[in-house]
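When we follow our numbering, the leftmost residue of the sequence shown carries the number 18, and every step to the right adds one. We treat Cβ as the ideally placed atom computed from N, Cα and C, and that holds for glycine.
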Amino acid sequence: MTMIYAGMFYIATLLLVVGLAYKIFDYSRTPAPLKIPTTPAPTTQTGVVYRMAKEVVLFESLFKSNKWIWVFGWLFHFGLLLVLLRHLRYFTEPVWFWVGIIQPFGKYASIMMVVGLLGLLARRYLVDRVRYISTPSDILMLVLLIAIGVTGMLMTFVVHTDIVALKAFFMGLMYLDVQPVPQDPILLIHLALVALLMVIFPISKLLHAPGLFFSPTRNQADNPREHRHVAAWAARLDQKN
18 MTMIYAGMFY IATLLLVVGL AYKIFDYSRT PAPLKIPTTP APTTQTGVVY RMAKEVVLFE
78 SLFKSNKWIW VFGWLFHFGL LLVLLRHLRY FTEPVWFWVG IIQPFGKYAS IMMVVGLLGL
138 LARRYLVDRV RYISTPSDIL MLVLLIAIGV TGMLMTFVVH TDIVALKAFF MGLMYLDVQP
198 VPQDPILLIH LALVALLMVI FPISKLLHAP GLFFSPTRNQ ADNPREHRHV AAWAARLDQK
258 N
């Protein structure tokens with residue numbers, strides 16, 4: 018079982034890193050021939066950075082369009098962030114001091130994460146226009162994330178696992194010194210679901226996170242009169258002519 022899970026996480030990590038790198042490279046090569054920032058838009062690069070920060074941290078555009086979806090979306094993403102930061106204790110020795118500080122908050126952030134996911138899943142069924150455009154993959158991705166959150170909560174609040182042995186397993190993977198994985202059924206299910214998410218993440222709609230930074234409607238300044246916008250491929254054609 019240990020060798021199966023070790024191999025599974027090595028493969029999943031490789032696919033995640035390579036897939037993310039390829040998609041980000043592909044995003045960077047996608048041409049933006051027109052100046053198309055969503056107005057009202059900032060007219061300076063500093064304003065663009067501020068706007069992007071508000072979009073990443075506060076989900077500003079979602080807040081303006083739909084408050085209920087914003088509530089559930091922000092609950093999920095903020096809870097996920099705290100949960101991920103809390104999990105850094107399994108990959109660091111000694112544990113960074115700020116990771117120790119957020120442990121109590123990350124423990125209950127899993128509840129916040131699952132509540133947000135349940136709200137987003139309910140939206141897929143209860144809102145007619147959203148249900149019409151939803152695909153099976155949209156539903157399955159939410160179910161997968163909920164299953165990961167629920168199994169994690171079970172280990173935190175109901176059936177505890179050997180976190181010392183679990184940390185030894187992951188530290189061993191990092192240093193190519195594989196250690197036995199705890200044999201708790203809920204933990205094994207949780208880890209298998211996480212590995213599955215890592216594999217499909219680069220090819221799923223969840224990849225909207227890095228894609229946001231390459232969206233011309235968000236990363237462009239509204240200054241078409243002051244500066245002529247020329248895409249990289251168009252500039253090369255101008256040089257040839």
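State the start and end residues of the unbroken alpha helix (DSSP H) segment that holds residue i.
{"i": "Leu138", "result": "120-143"}
{"i": "Glu77", "result": "77-82"}
{"i": "Val181", "result": "180-191"}
{"i": "Ile53", "result": "Counting along the chain, Ile53 falls outside any alpha helix (DSSP H), and DSSP gives it neither H nor E."}
{"i": "Pro227", "result": "225-228"}
{"i": "Ser154", "result": "153-174"}
{"i": "Thr234", "result": "233-236"}
Can you tell me which of the three DSSP states residue i falls into?
{"i": "Tyr107", "result": "helix"}
{"i": "Ile220", "result": "helix"}
{"i": "Ala70", "result": "helix"}
{"i": "Thr30", "result": "helix"}
{"i": "Trp113", "result": "coil"}
{"i": "Arg242", "result": "coil"}
{"i": "Ser45", "result": "helix"}
{"i": "Asp201", "result": "coil"}
{"i": "Met18", "result": "coil"}
{"i": "Ala251", "result": "helix"}
{"i": "His177", "result": "coil"}
{"i": "Thr61", "result": "coil"}
{"i": "Val195", "result": "coil"}
Taking the alpha-carbon positions, what's the residue i to residue j distance?
{"i": "Ser151", "j": "Phe26", "result": "30 Å"}
{"i": "Ala38", "j": "Arg235", "result": "21 Å"}
{"i": "His104", "j": "Asp201", "result": "18 Å"}
{"i": "Glu72", "j": "Leu51", "result": "22 Å"}
{"i": "Val160", "j": "Lys40", "result": "24 Å"}
{"i": "Gly117", "j": "Leu102", "result": "10 Å"}
{"i": "Leu97", "j": "Val147", "result": "23 Å"}
{"i": "Gly123", "j": "Pro59", "result": "35 Å"}
{"i": "Ala226", "j": "Thr56", "result": "21 Å"}
{"i": "Ala252", "j": "Arg46", "result": "14 Å"}
{"i": "Gly169", "j": "Leu143", "result": "27 Å"}
{"i": "Glu110", "j": "Leu171", "result": "25 Å"}
{"i": "Ile217", "j": "Pro121", "result": "30 Å"}
{"i": "Val195", "j": "Ala23", "result": "7 Å"}
{"i": "Val181", "j": "Leu33", "result": "26 Å"}
{"i": "Met130", "j": "Gln256", "result": "51 Å"}
{"i": "Asp179", "j": "Pro197", "result": "11 Å"}
{"i": "Arg106", "j": "Trp113", "result": "8 Å"}
{"i": "Thr63", "j": "Ala185", "result": "45 Å"}
{"i": "Phe95", "j": "Leu254", "result": "45 Å"}
{"i": "Val167", "j": "Ala209", "result": "14 Å"}
{"i": "Ala164", "j": "Leu157", "result": "10 Å"}
{"i": "Ala248", "j": "Pro233", "result": "11 Å"}
{"i": "Leu75", "j": "Trp85", "result": "14 Å"}
{"i": "Ser221", "j": "Asp145", "result": "23 Å"}
{"i": "Leu162", "j": "Phe230", "result": "23 Å"}
Under 8 Å, Cβ to Cβ, is there at least one residue of chain C near residue i?
{"i": "Lys222", "result": "Although the question refers to chain C, the structure presented lacks it and comprises just one protein chain."}
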